[in-house]
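Each number in our numbering corresponds to the 1-based position in the sequence shown with 2 added. Okay, structure first, notes after.
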Amino acid sequence: MKIVIIGGVAGGASAATRARRLAEDAEIVLIERGANVSFANCGLPYYLGGVIEKREKLLVASAKLLRTRFRIDVRTSSLAESIDRAKQTVRIRELATGRVYEEPYDQLILAPGAVPLRPEVPGSDSPRLLTLRNLDDMDQIESLLAAGIREAVIVGGGFIGIELAENLVHRGIHATLIQRGPQLLSPMDPEMTQPLLERMRECGVTVYLNETLRSLDTTSDGVVVWLESGRAILAGVVLCGIGVAPESTLADHAGLEMGLRRAVEVNEQQQTSDPHIFAVGDVTEVSDFVLQDFGESPSYVPLAGPANRQGRLAADAICGREMHLNEPGVRYRGTQGTLIVGCFGCTAASTGASEKSLKRRGINYRKVYIHPADHAGYYPNAQPMTLKLLFDPQSGRVLGAQGVGGTGVDKRIDVLSMAIQAKMTVFDLEESELCYAPQYGSAKDPINMLGFVASGLLRGYHPQIDVESLPTPEQIASDASVPMILDVRTPLEFAAGAIPGAVLIPVDELRDRLGELPRNRLIAVYCKVGMRGYIALRILLQHGFDAVNIGGGWTTWRMHQK
Ligand SMILES: Cc1cc2nc3c(=O)[nH]c(=O)nc-3n(C[C@H](O)[C@H](O)[C@H](O)COP(=O)(O)OP(=O)(O)OC[C@H]3O[C@@H](n4cnc5c(N)ncnc54)[C@H](O)[C@@H]3O)c2cc1C
């Protein structure tokens with residue numbers, strides 16, 4: 003059997019090496035346009051920032067290693083130009099010599115990845131507007147930065163833009179990041195990205211939200227970046243991270259079925275509409291792991307984990323694993339979109355459905371927020387985080403989770419990612435037994451706490467009102483049908499800032515001052531993070547008041563105000 007693979011990085015290299023491990027007798031040809039295979043795209047921003055010091059560290063597996071250890075016929079600087087499906091051949095051009103030849107295949111795997119988008123504005127052909135996809139792009143950016151640039155503009159507030167901003171600051175270059183939408187990291191919910199935005203600004207990055215690139219004027223020593231608001235920034239380089247599009251022209255011209263955003267349509271074994279052609283990674287459409295159960299399947303999620311998994315799976319399918327179809331893992335189950343980004347010590351991560359995606363699709367959900375520390379508060383260096391959990395209001399199934407904060411966000415989102423994968427419920431989170439010693443976690447881990455809060459909510463043990471549903475001070479004053487707001491923190495905390503219209507009764511005085519509260523009106527209680535509010539709520543409910551807790555308290559309310 004002869005397997006030809008187009009694209010030699012995440013998905014392609016995974017497919018090639020897995021195929022070899024399964025089929026010692028297969029002929030495997032790996033075609034890569036660039037000079038290198040299997041390099042670490044995800045490490046590129048960190049080389050530019052000087053965090054990764056040696057360029058060769060980015061070369062995860064060399065062509066030589068793939069040739070000697072795996073006996074893979076690696077052909078770098080070779081462009082796959084077209085596919086003849088009837089003859090089962092690929093036309094390949096050697097970029098160094100211009101030689102063109104036809105390469106036959108029994109099975110073809112497409113892993114060409116995605117192309118970075120460029121803004122379509124006047125002046126966008128500027129040699130100083132660069133995107134970052136591969137080592138050549140990185141070298142080009144590096145040569146501009148090394149020339150002594152002091153000012154850079156980054157267009158796009160996704161994870162590549164954010165990582166670039168952090169790394170430019172490491173190098174002593176001032177970065178201005180412009181983002182078209184109202185928040186960074188658009189797959190996440192806006193309030194959960196707020197701490198990251200604040201951290202970036204604290205560390206000297208200028209961030210403009212709701213701002214768009216209008217045009218670029220390139221001069222002899224820089225570029226004037228004009229924004230829609232009328233602002234102009236003189237920069238040495240403009241780095242663009244506004245998203246990617248599947249590199250699907252080859253597949254399209256070959257007549258393969260295309261899906262969402264012109265990504266290649268594949269089945270659960272990564273097979274395209276042609277049974278001899280598979281496709282993996284950023285070029286493919288995926289099923290959304292959560293939303294597929296609500297009839298909302300197709301999605302486009304270009305991430306390294308899914309690309310690697312899909313490469314492995316295509317090789318499994320090709321190399322005779324069909325007989326184990328019912329074995330878990332041999333079918334692609336869908337993509338959860340688990341992502342993480344770190345910037346100046348602040349981590350933001352997400353898995354599964356976001357609140358805005360559930361809302362957009364009219365899917366019922368409930369949500370809770372908690373603001374725990376990553377490990378026991380009495381042990382040094384505990385760092386705060388915010389976790390948000392989205393779940394089904396009937397079954398309690400976990401639908402999505404997001405986290406932002408310091409150390410330990412990654413661990414919690416990974417645990418919740420597995421909970422989503424296993425279709426677990428908030429009741430399972432209550433029961434989770436996770437590792438604990440004071441320097442690692444808490445005896446009641448944040449995951450348990452999420453389970454306690456969400457399960458209690460579903461059981462009606464502590465009803466909750468979301469911060470978005472709170473009345474204004476005017477409504478509280480004029481309309482007895484809206485809840486009154488009760489702050490149960492200390493007078494000092496109250497004086498430093500409170501939800502508008504709130505009345506203060508500290509939790510420790512509450513039992514003695516119940517007479518001050520109305521019996522014919524809903525009382526919405528809050529504290530700093532929700533814990534004292536919850537205790538106050540239980541007091542009120544047991545004394546016959548109609549009361550709810552304000553989910554996540556003052557901290558959540560503040561995250562929604564920006
Ligand atoms: C700067 C950067 C940072 C990133 N950070 C993260 C991260 O932290 N976490 C994460 O999950 N993801 C990250 N990603 C995304 C991740 O790298 C991709 O999702 C993943 O590499 C996709 O794998 P792939 O195999 O589909 O494509 P790629 O890894 O891009 O490989 C495609 C290869 O195919 C080659 N090719 C294309 N067309 C042809 C052709 N016609 N002939 C021959 N060769 C061809 C290309 O030259 C390319 O080398 C990052 C990406 C970038 C660019």
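Ideal Cβ positions, reconstructed from N, Cα and C, are used throughout, including at glycine.
Notebook entry, point to check: The beta strand (DSSP E) with residue 32 in it runs from where to where?
Noted result: Position 30 of the sequence shown, counted from the start, is the residue given in the question as residue 32. Note, residue 32: beta strand (DSSP E), 29 to 33.
Checklist line | For residue 179, the three-state DSSP class (helix, strand or coil) | finding: As a position in the sequence shown, residue 179 is number 177, starting the count at 1. Note: residue 179 maps to strand in three-state DSSP.
Notebook entry, point to check: Candidates 445, 413, 79, 252: which alpha carbon is nearest residue 92's?
Noted result: Counted from its first residue, the sequence shown places residue 92 at position 90. That would be 252, whose Cα lies nearest to the Cα of residue 92.
Check: Closer than 8 Å: is that where the CB of residue 14 sits relative to any heavy atom of ligand 1?
Finding: Translated into positions along the sequence shown, residue 14 becomes position 12. The answer is yes for residue 14.
Check: How would you write the range of the beta strand (DSSP E) that residue 371 sits in, first residue to last?
Finding: The residue you call residue 371 lines up with position 369 of the sequence shown. Note, residue 371: beta strand (DSSP E), 368 to 372.
Check: Quick one, are the C-beta atoms of residue 294 and residue 339 less than 9 Å apart?
Finding: Here the question's residue 294 lines up with position 292 in the sequence shown. Here the question's residue 339 lines up with position 337 in the sequence shown. No, these two residues do not count as a Cβ contact at 9 Å.
Check: CB residue 452 to CB residue 527, shorter than 9 Å?
Finding: In the sequence shown, residue 452 corresponds to position 450, counting from 1. In the sequence shown, residue 527 corresponds to position 525, counting from 1. Contact flag unset, no.
Notebook entry, point to check: Among the residues of its own chain, which have a CB less than 7 Å from the CB of residue 284, if the five just before and after it don't count?
Noted result: The count along the sequence shown starts at 1 and reaches residue 284 at position 282. Taken in chain order, the residues that qualify are 115, 116, 246, 248, 304, 309.
Notebook entry, point to check: Can you name, in chain order, every residue of its own chain whose Cβ lies under 6 Å from the Cβ of residue 77, other than the five neighbours on each side?
Noted result: The residue you call residue 77 lines up with position 75 of the sequence shown. Correct list, in chain order: 33.
Next item on the list: Give the straight-line distance between the Cα atoms of residue 6 and residue 15, rounded to the nearest whole angstrom.
Entry: For the purposes of this step, residue 6 is taken as the residue at position 4 of the sequence shown. For the purposes of this step, residue 15 is taken as the residue at position 13 of the sequence shown. Their Cα atoms are separated by approximately 12 Å.
Checklist line | C-alpha gap between residue 433 and residue 450, whole angstroms | finding: Your numbering for residue 433 matches position 431 in the sequence shown. Your numbering for residue 450 matches position 448 in the sequence shown. Rounded to whole angstroms, residue 433 to residue 450 spans 7 Å at the Cα level.
Check: residue 130: buried (16+ other C-beta within 10 angstroms of its C-beta) or exposed?
Finding: As a first step, residue 130 must be located in the sequence shown, where it is residue number 128. Result: buried.
Check: In chain order, what residues of the same chain have a beta carbon less than 7 Å from the beta carbon of residue 133, not counting five sequence neighbours either side?
Finding: Sequence index remark: in the sequence shown, residue 133 carries index 131 (1-based). Excluding residues within five positions, the ones whose Cβ falls inside 7 Å are 118, 120, 139, 242.
Checklist line | Sequence-distant residues of its chain with Cβ nearer than 8 Å to residue 41 (five each side left out) | finding: For this step, residue 41 is matched to residue 39 along the sequence shown. Once the five neighbours on either side are set aside, the close Cβ partners of residue 41 are 11, 60, 61, 62, 136, 137.
Check: Looking at the structure shown, is residue 72 part of a helix, part of a strand, or coil, going by DSSP?
Finding: Indexing the sequence shown from 1 puts residue 72 at position 70. Residue state, collapsed to three classes: helix.
Note to self: Measuring straight from C-alpha to C-alpha, what distance separates residue 83 and residue 161?
What the structure shows: Residue 83 sits at position 81 when you count from the first residue of the sequence shown. Residue 161 sits at position 159 when you count from the first residue of the sequence shown. So the two alpha carbons sit approximately 31 Å from each other.
Notebook entry, point to check: Does the beta-carbon of residue 287 have 16 or more other beta-carbons within 10 angstroms, so that it is buried, or is it exposed?
Noted result: Counting from one through the sequence shown, the residue named residue 287 turns up at place 285. Residue 287 comes out buried.
Notebook entry, point to check: Looking only at C-alpha atoms, which of 531, 464, 504, 556 sits nearest to residue 544?
Noted result: Counting from one through the sequence shown, the residue named residue 544 turns up at place 542. Ranking 531, 464, 504, 556 by Cα distance to residue 544 puts 464 first.
Next item on the list: Decide yes or no for the touch test of the region 194 to 202 against the region 406 to 422: beta carbon pairs closer than 8 Å, at least 3 of them.
Entry: yes
Margin query: Please state the DSSP three-state secondary structure of residue 198.
Written below: Along the sequence shown, one-based indexing puts residue 198 at 196. Residue 198 falls in the helix class under three-state DSSP.
Checklist line | Boundaries of the alpha helix (DSSP H) in which residue 428 is found, first to last residue | finding: The residue you call residue 428 lines up with position 426 of the sequence shown. Its alpha helix (DSSP H) spans residues 428 to 433.
Next item on the list: Less than 8 Å between the CB atoms is what I'm expecting for residue 30 and residue 86, so what's the real figure, rounded?
Entry: In the sequence shown, the residue the question calls residue 30 occupies position 28. In the sequence shown, the residue the question calls residue 86 occupies position 84. The Cβ separation is near 20 Å, so there is no contact.
Next item on the list: Could you name the residues of the same chain whose beta carbon sits closer than 6 Å to that of residue 111, not counting the 5 residues immediately before and after it, in chain order?
Entry: Within the sequence shown, the letter at position 109 stands for residue 111. So the list reads 7, 17, 280, 316, once near-sequence residues are dropped.
Check: Is it buried or exposed for residue 297, if we count other Cβ within 10 angstroms and need 16 for buried?
Finding: One-based indexing of the sequence shown puts residue 297 at position 295. The residue is exposed, with fewer than 16 neighbouring Cβ atoms inside 10 Å.
Next item on the list: Measure the C-alpha to C-alpha separation of residue 471 and residue 353 and round it to an integer number of angstroms.
Entry: Working through the sequence shown from its first residue, we reach residue 471 at position 469. Working through the sequence shown from its first residue, we reach residue 353 at position 351. In a straight line, the C-alpha of residue 471 is about 25 Å away from that of residue 353.
Next item on the list: Please classify residue 451: does DSSP put it in a helix, a strand, or coil?
Entry: For the purposes of this step, residue 451 is identified with residue 449 of the sequence shown, where counting begins at 1. In this structure, residue 451 counts as helix in the three-state DSSP scheme.
Check: Under the three-state reduction of DSSP, which class applies to residue 44: helix, strand or coil?
Finding: Along the sequence shown, read from residue 1 onward, the residue named residue 44 stands at position 42. Here residue 44 sits in helix by DSSP.
Next item on the list: Would you list the residues sitting across from residue 652 in a DSSP beta bridge?
Entry: This structure leaves residue 652 out entirely; the chain is present only between 3 and 564.
Next item on the list: Determine the DSSP secondary structure at residue 250, reduced to helix, strand or coil.
Entry: Translated into the one-based positions of the sequence shown, residue 250 becomes position 248. Correct three-state label for residue 250: coil.
Item checked: Per-residue DSSP class, three states only, for residue 66 -> To locate residue 66, count along the sequence shown from 1; it is residue 64. DSSP places residue 66 in helix when its eight states are reduced to three.
Next item on the list: Classify residue 466 as buried or exposed, calling it buried when 16 or more other Cβ atoms lie within 10 Å of its own Cβ.
Entry: Taking the sequence shown and counting its residues from 1, the one referred to as residue 466 is at position 464. Looking at its Cβ environment, which holds 16 or more other Cβ atoms inside 10 Å, residue 466 is buried.
Next item on the list: May I ask which residues mark the beginning and end of the alpha helix (DSSP H) holding residue 542?
Entry: Position 540 of the sequence shown, counting from 1, holds the residue named residue 542. Where residue 542 is concerned, the enclosing alpha helix (DSSP H) stretches over 533 to 544.
Check: What does DSSP give as the partner residues of residue 301 in its beta bridges?
Finding: Reading the sequence shown from its first residue, position 299 is the one you call residue 301. Paired residue(s): 288.
Check: Which residue comes first and which comes last in the alpha helix (DSSP H) that contains residue 496?
Finding: Your numbering for residue 496 matches position 494 in the sequence shown. It spans 493 to 497 - the alpha helix (DSSP H) in which residue 496 sits, taken as one unbroken run.
Checklist line | Close beta carbons around residue 48, own chain, < 8 Å, minus the five adjacent residues each side | finding: What you label residue 48 is simply residue 46 of the sequence shown in a count that begins at 1. Answer for residue 48: 54, 165, 169, listed in chain order.
Next item on the list: Return the CA-CA distance between residue 534 and residue 491, expressed in angstroms with no decimal places.
Entry: By 1-based counting over the sequence shown, the position of residue 534 is 532. By 1-based counting over the sequence shown, the position of residue 491 is 489. C-alpha separation (whole angstroms): 7 Å.
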